[in-house]
Structure formats: structure tokens, C-alpha cells
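Enquirer: The sequence shown begins at 108 in the working numbering and counts up by one.
By construction, the Cβ of each residue, glycine as well, lies at the ideal position given by its N, Cα and C atoms.
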Amino acid sequence: MMGKHVLIVGAGIGGLATALRLAKKGYQVEIIEKNSQAGGRLNQIKKDGFTFDTGPSFFSMSYEFTEFAKECNIELPFNYVSLDPLYTVNFSRSPKTYRLYKDIHKLAEQFKDVEPDFEIKMNRYLKKGKSLFDDTVDVVIKDNYNSLFAYLITLMKVNPVHLPVLFRNFWQQVCRYFSSDDAREIISLVAFFLGRTPFDTPAVYTLLSYTEFQHDGYYNVEGGMYKIVEGILGELEKENVKITYNTEIVDFVANGRKLEALVDQNNRHWKSDIVVVNSDAASFRGRIFKRPRFSEAKLDKMEWTMGPLTIYIGLKCKLPQVEHHNYFLGDNFKEYANKVFQSSGTLQKPYYYVNVISRNNPGCAPEGCEGLFFVCPVPDLRFKKNWDDKEEIVNSILTDFSARIGKDILPEIISKIIYTPEDWQNQYNLHRGSGLGLSHKMFQIGAFRPANFDEVFKNVFYVGASTVPGTGLPITMISSKLVVRRIEKMKMS
Ligand SMILES: Cc1cc2nc3c(=O)[nH]c(=O)nc-3n(C[C@H](O)[C@H](O)[C@H](O)COP(=O)(O)OP(=O)(O)OC[C@H]3O[C@@H](n4cnc5c(N)ncnc54)[C@H](O)[C@@H]3O)c2cc1C
């Protein structure tokens with residue numbers, strides 16, 4: 108008979124949400140975390156009077172958070188604000204800046220020169236996205252699978268009308284609806300949010316366009332994204348969930364099919380009836396449990412999401428000309444997308460995202476100052492091992508940005524921090540510095556993704572971006588729901 112003590116390895120959003128769900132069900136929960144602060148990739152840096160969110164800057168599917176609060180019988184411990192425009196897009200080929208309004212009529216106005224019937228096409232495209240969403244998300248994503256067979260049976264329940272979509276990539280699907288470069292490139296940008304490109308992301312993910320424009324939209328958190336972490340930590344404290352920081356699991360002790368203990372860097376043995384691993388579900392199996400299927404060489408052969416180059420900048424001036432969320436794209440979309448993850452040469456013409464953190468959260472920067480966060484997708488450490496040229500690359504991004512907004516920000520910088528894929532790897536044990544974990548290609552989702560239960564140890568489970576269902580904050584919230592369901596089911600059996 109299983110006991111009720113649960114040890115969670117990692118205080119990322121997946122670990123924290125699972126901890127609260129389990130604590131509320133009466134489990135005695137304890138968390139250990141490698142770093143000195145909770146949140147994982149959803150983290151925060153405070154420097155020179157600025158407060159920077161380090162990773163996520165907005166989320167979709169807000170109802171995953173409200174449902175979480177309801178299930179845990181708490182008030183949602185943070186406030187979120189809807190974004191409209193969702194973001195802006197500027198191409199280097201033109202001074203025009205597109206504002207991605209949720210109102211499709213208002214959005215279409217901006218395309219009238221390049222795609223005159225944009226509104227009709229967009230509505231048709233979104234209608235298809237909605238039907239993909241309705242027919243797949245609840246059926247496929249929100250369930251646990253015990254076997255590949257069970258997964259395939261579920262897939263067969265999906266309306267066969269969507270079958271052709273399975274054979275296309277995101278870009279091909281978008282091209283069926285839109286003909287101009289501007290529309291195609293803008294609408295397919297969301298594939299980058301999954302950490303890959305529209306050319307290698309399955310077309311089924313065009314349902315995300317429906318989630319961004321119509322179903323729910325995007326949200327910011329009042330006071331910064333880290334309020335999510337602080338809010339959940341407050342609730343965990345009320346439930347007496349203990350978190351031990353600066354503790355990294357490096358080894359294990361097993362007895363047959365039972366994990367006896369996890370061993371930290373100081374050789375302390377951590378015992379528990381149940382263990383939930385929030386560290387990357389693929390690389391933990393390889394690095395800690397030494398599973399041949401997840402050896403370093405096998406991990407390298409898997410498809411991983413982008414390596415992020417992130418820059419946190421404090422300026423001693425305001426930037427009223429820049430909105431909260433912005434994409435700055437070059438004029439070689441296909442060439443860029445095809446090379447970005449494998450060749451460092453493309454960094455000469457960077458594509459990047461800029462978040463003006465202090466725009467809606469004035470407390471995140473000193474009076475009269477602005478806090479900026481840049482994300483530039485770059486090759487992971489398999490393809491670009493050496494980051495000695497990071498200052499040079501960052502300068503090229505900041506120079507490009509200055510030219511695009513018509514203001515030289517370089518003399519205004521009073522605070523600067525750079526994270527390369529090396530930093531992301533070392534801080535959070537992310538394989539080769541891949542920012543979002545395993546990619547979402549067809550053979551790495553559903554029952555093909557590393558499962559949320561361990562193949563060998565009956566008392567070990569997984570939660571987070573590289574197990575089911577996938578990456579991103581709301582999807583990781585679903586992951587916590589699924590793993591808790593598994594643990595509850597095991598208790599019953
Ligand atoms: C630059 C960037 C931008 C992003 N933007 C967005 C966005 O705008 N919206 C969105 O929804 N998502 C975004 N994401 C994705 C999102 O951050 C992740 O999907 C999510 O935070 C993953 O949470 P997690 O709990 O799975 O993992 P993590 O956050 O990685 O948490 C795992 C935790 O485990 C700890 N750990 C690892 N190994 C060990 C060990 N051996 N022992 C002890 N502890 C260990 C780590 O230190 C970490 O704290 C972004 C990600 C990045 C990198």
C-alpha cells in the first residue's frame with residue numbers, strides 16, 4: 108500500500124502546481140530545487156532597480172489557471188490582464204508596424220494593400236482552427252495514455268475530416284489560406300512560440316491561431332509574470348509544503364521496481380513514497396536514471412526546441428514608441444527559419460522578440476526608466492557550442508532594434524544581463540540549452556512523448572514541458588493535472 112509522502116524534484120511551474128494540487132488532496136508534499144529561488148524558467152531577476160521576468164512574458168488558455176484555483180479551492184493568487192493588440196510585428200523590408208488586434212475587421216484594415224480579402228480568408232482560417240481545437244484538444248491533449256495503442260485508438264476518434272491536416276506542416280496550412288508574404292509570415296509566427304519554425308511544426312497546431320485570436324487570447328500578469336510563482340508559493344506555505352533550495356539530485360538508489368531514494372550533490376538521501384520529477388522528463392531519465400533510451404547520444408538525436416538568447420536591459424529613458432509585446436523580423440523568413448536552429452551564421456540577421464516589461468508594470472523600473480526583455484531564437488549547444496561572441500551578437504540586435512524604432516538605445520543602457528543557451532542549460536538542466544524542451548513533432552507528442560509515469564520505478568512520475576502534453580505555461584498546468592490523476596489512480600489500485 109502506497110504511503111502519502113510525495114517528493115517533488117524541481118520548483119518550476121509544473122512542480123509547484125502539482126505540489127499544491129496534491130497538498131490539497133491530503134498528501135504530505137515536499138519540494139527540492141536546484142536553484143536558490145523557485146519558478147524554474149518562469150523566474151525573476153532584480154538588478155539596478157529593475158525587475159525582469161526571465162522567461163515567459165504572457166500566457167494563453169487562462170482558464171487552465173482559473174480551473175486550477177477552483178480545484179484547489181483558492182482565489183487565484185494573481186491578477187491577469189488581457190492583451191489587445193496581442194503583439195506587434197515589424198519587418199525589416201518596411202517601416203510599417205502591424206498591430207495584431209483580436210478584432211479581425213480592425214486587423215484586416217492593415218493588410219488591405221497586401222492581401223485585400225484578408226478578413227474573409229482569416230475568418231475561414233480561424234473557423235478551421237476552431238474545428239481543429241474543438242475536435243482535438245479535449246479529446247487528445249487532456250488525457251493520460253497507458254500505451255501507444257490507447258493513444259492511437261483515441262486519435263482514431265478525431266473527426267476524419269482533419270486527416271489531410273496531419274500530412275501538412277504549419278506553413279503549408281497557412282499558405283492554403285493566405286497569399287501575401289506579410290500575412291503568411293505573421294500568421295505562422297505562433298509556431299515559434301512552440302519553440303520551432305512553421306516549416307517543421309505540424310499543421311494541427313494552427314489551432315493556436317484560434318486560441319490567440321478568438322478562443323481566449325493572451326494575458327499578462329499584473330506586476331510581472333513572477334507573481335504567478337509568488338502566489339502559488341504563498342498557498343504552498345499555508346499547506347506547510349517545505350521547499351529545500353540549492354539541492355540538486357545527481358543520483359539514485361533503487362530496490363527492484365521501487366525507487367528507494369534520490370541522492371543530492373552532498374550525498375544526502377531523499378526518501379519518499381512517491382516521487383514527481385519536474386526536471387526535464389527526457390534528460391532526467393538519461394542523466395540520473397542512466398536509461399540507455401535517453402543516453403546523451405540518443406537525447407542529441409531527438410528534436411529539441413530553440414535555444415534562447417535572452418537579454419535584460421534597463422534604460423534611463425522611456426520608449427513610448429514601442430508596445431508591450433513586439434516581433435522584429437528580417438526579410439529572409441524561409442531562409443532564416445530553415446537555418447536558425449542549425450547554423451550560427453543566421454545570427455547576423457537576427458529575428459527577435461522585445462517585451463517592454465515596464466509598459467504595463469511601472470513598478471518593474473525606476474521612475475523615468477524602461478525595462479526591456481529580448482528573446483532571440485538561436486541554435487542550441489549541439490550546433491553553436493561557443494558563446495564567446497555573445498556581446499557582439501547582442502550589440503547587433505540592439506543596433507538593429509535602435510534603427511527600427513528610430514532611437515539609439517545604446518547610450519541609454521544602465522543595466523544589462525545576457526543569458527545564452529549555456530546559461531539556460533546550466534541553471535535549469537535544460538538539454539543543450541533548449542528553451543522549451545522537446546519539440547512537438549508528431550513522433551514526440553501524445554504517447555510518443557516521454558510518459559508522465561516511469562517505465563521502471565512504479566513510484567516515480569513526471570510533470571513539465573518535456574512530458575505530456577507539452578510546453579508552455581497553460582500546457583504545463585494541464586501536465587500537473589494529468590500527473591495528479593495518475594497518482595490518484597495508483598492510490599486506488
Ligand atoms: C525564453 C523563454 C520564453 C518563454 N516564453 C513563454 C511565454 O511567453 N508563455 C508561455 O506560456 N511559456 C513560455 N515559455 C515556456 C515556459 O517557460 C515553460 O514551458 C515552463 O516554464 C516549463 O515549466 P516546467 O515546470 O516544465 O520546467 P522548469 O521551469 O524548467 O522547472 C524545472 C525545475 O526543476 C529544477 N531542476 C532541474 N533539474 C533538477 C535536479 N536534478 N534537481 C533539483 N532540481 C532540478 C530546475 O532548476 C527548475 O526550477 C518560455 C520559455 C523560455 C525559456
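Please go through the same chain and pick out, in chain order, the residues whose beta-carbon is closer than 7 Å to the beta-carbon of Gly363, but skip the five residues on each side of it.
Expert: none
Enquirer: Could you give the uninterrupted runs of the alpha helix (DSSP H) lying entirely in the stretch 497 to 545, keeping only those of 4 residues or more?
Expert: Those alpha helix (DSSP H) runs which fall completely within the stretch 497 to 545 and span 4+ residues are 497 to 512, 528 to 535.
Enquirer: Give me the Cα-Cα distance between Ala124 and Leu183, rounded to the nearest whole angstrom.
Expert: 12 Å
Enquirer: With a Cβ-Cβ cutoff of 8 Å, do Ser199 and Asp438 count as a contact?
Expert: yes
Enquirer: Expressed to the nearest angstrom, what Euclidean distance is found between the alpha-carbon atoms of Ile152 and Val570?
Expert: 25 Å
Enquirer: Is Ser379 near ligand 1, in the sense that its beta carbon is under 7 Å from a heavy atom of that ligand?
Expert: No.
Enquirer: Would you call Phe285 buried or exposed, if buried means 16 or more other Cβ atoms sit within 10 Å of its Cβ?
Expert: A residue is called buried once 16 or more other Cβ atoms fall within 10 Å of its Cβ, and Phe285 is buried on that count.
Enquirer: Give me the residue from Glu430, Gly162, Asn502 with the minimum Cα distance to Gly414.
Expert: Gly162
Enquirer: CA-CA distance, Leu127 and Ile138?
Expert: Their backbone Cα atoms lie some 11 Å apart in a straight line.
Enquirer: When you compare only the Cα positions, how much space is there between Ile524 and Ile420?
Expert: Each residue's Cα considered, the two are about 7 Å apart.
Enquirer: Determine the contact status of Ser295 and Val272, defining contact as a CB-CB distance below 8 Å.
Expert: no
Enquirer: Examine ligand 1 and report whether any of its heavy atoms sits within less than 7 Å of the Cβ of Tyr326.
Expert: no
Enquirer: Can the beta-carbon of Asp323 be found less than 8 Å from the beta-carbon of Ser167?
Expert: yes
Enquirer: Just to check, is the beta-carbon of Lys349 closer than 7 Å to a non-hydrogen atom of ligand 1?
Expert: no
Enquirer: Determine, using beta-carbon pairs with one atom in the stretch 549 to 562 and one in the stretch 571 to 582, whether at least three such pairs fall under 8 Å.
Expert: yes
Enquirer: Determine the direct distance from the alpha carbon of Ala389 to that of Gly133, and round the result to whole angstroms.
Expert: 29 Å
Enquirer: Taking the beta carbon of Gly110 as the centre, do at least 16 other beta carbons fall within 10 Å, making it buried, or is it exposed?
Expert: Per-residue confidence for Gly110 stands at a pLDDT of 49, beneath the threshold of 50, marking its modelled position as unreliable; the derived number appears in the next sentence. Counting Cβ neighbours within 10 Å, Gly110 comes out exposed, since fewer than 16 surround it.
Enquirer: Which residues does DSSP pair with Phe414 in a beta bridge?
Expert: For clarity, residue 414 is Gly in the given sequence; the question names Phe instead. BP columns for Gly414 point to Val485.
Enquirer: How is Asp358 classed by DSSP in three states: helix, strand or coil?
Expert: strand
Enquirer: At what residues does the beta strand (DSSP E) containing Ala368 begin and finish?
Expert: 365 to 371
Enquirer: Rounded C-beta distance between Ser287 and Phe480? I'm assuming under 8 Å.
Expert: Actually they do not touch by this definition, with Cβ atoms about 30 Å apart.
Enquirer: What did DSSP end up calling Gly121 once you bin it into helix, strand or coil?
Expert: helix
Enquirer: What do you reckon, is the C-beta of Pro457 under 7 Å from a heavy atom of ligand 1?
Expert: no
Enquirer: Does at least one heavy atom of ligand 1 sit under 7 Å from the Cβ of Lys132?
Expert: no
Enquirer: Got a sec? Which residues, its chain only, sit under 6 Å from Met584 by beta carbon, not counting five neighbours each side?
Expert: Setting aside the 5 residues that flank it on each side, Met584 is surrounded in the same chain by Ala124, Glu171, Phe175, each with a C-beta closer than 6 Å to its C-beta; the list follows chain order.
Enquirer: Helix or strand or just coil, what does DSSP make of Asp473?
Expert: Reading off the sequence, residue 473 comes out as Pro, not Asp. Looking at Pro473 - three-state DSSP - the assignment turns out to be coil, as it is neither helix nor strand.
Enquirer: Closer than 8 Å is the cut-off here; do at least three beta carbon pairs connect the stretch 298 to 316 with the stretch 229 to 249?
Expert: yes
Enquirer: By how many angstroms is the C-alpha of Val328 removed from the C-alpha of Val268?
Expert: 38 Å
Enquirer: Is Val116 buried or exposed, if buried means 16 or more other CB atoms sit within 10 Å of its CB?
Expert: buried
Enquirer: By DSSP's criteria, Val463 is part of a beta bridge. Which residues make up the other side?
Expert: Leu479
Enquirer: I'd like the ranges of any alpha helix (DSSP H) spanning at least 4 consecutive residues and lying wholly in the stretch 117 to 205.
Expert: 120 to 131, 170 to 178
Enquirer: Between Ile293 and Val221, which are expected to be in contact by the criterion C-beta below 8 Å, what is the C-beta distance as a whole number of angstroms?
Expert: So it is not a contact: roughly 10 Å between Cβ atoms.
Enquirer: State the Cα-Cα distance for the pair Cys476 and Val447, rounded to the nearest angstrom.
Expert: Put simply, the backbone Cα of Cys476 is about 33 Å away from that of Val447.
Enquirer: Hey, how far is the Cα of Gly330 from the Cα of Asp515?
Expert: 28 Å
Enquirer: Which residue's Cα is closest to the Cα of Phe508: Tyr460, Asn493, Arg489?
Expert: Of Tyr460, Asn493, Arg489, the residue nearest in Cα terms is Tyr460.
Enquirer: Quick one: Cα of Gly302 to Cα of Ile594, how far?
Expert: For Gly302 and Ile594, the distance between alpha carbons rounds to 30 Å.
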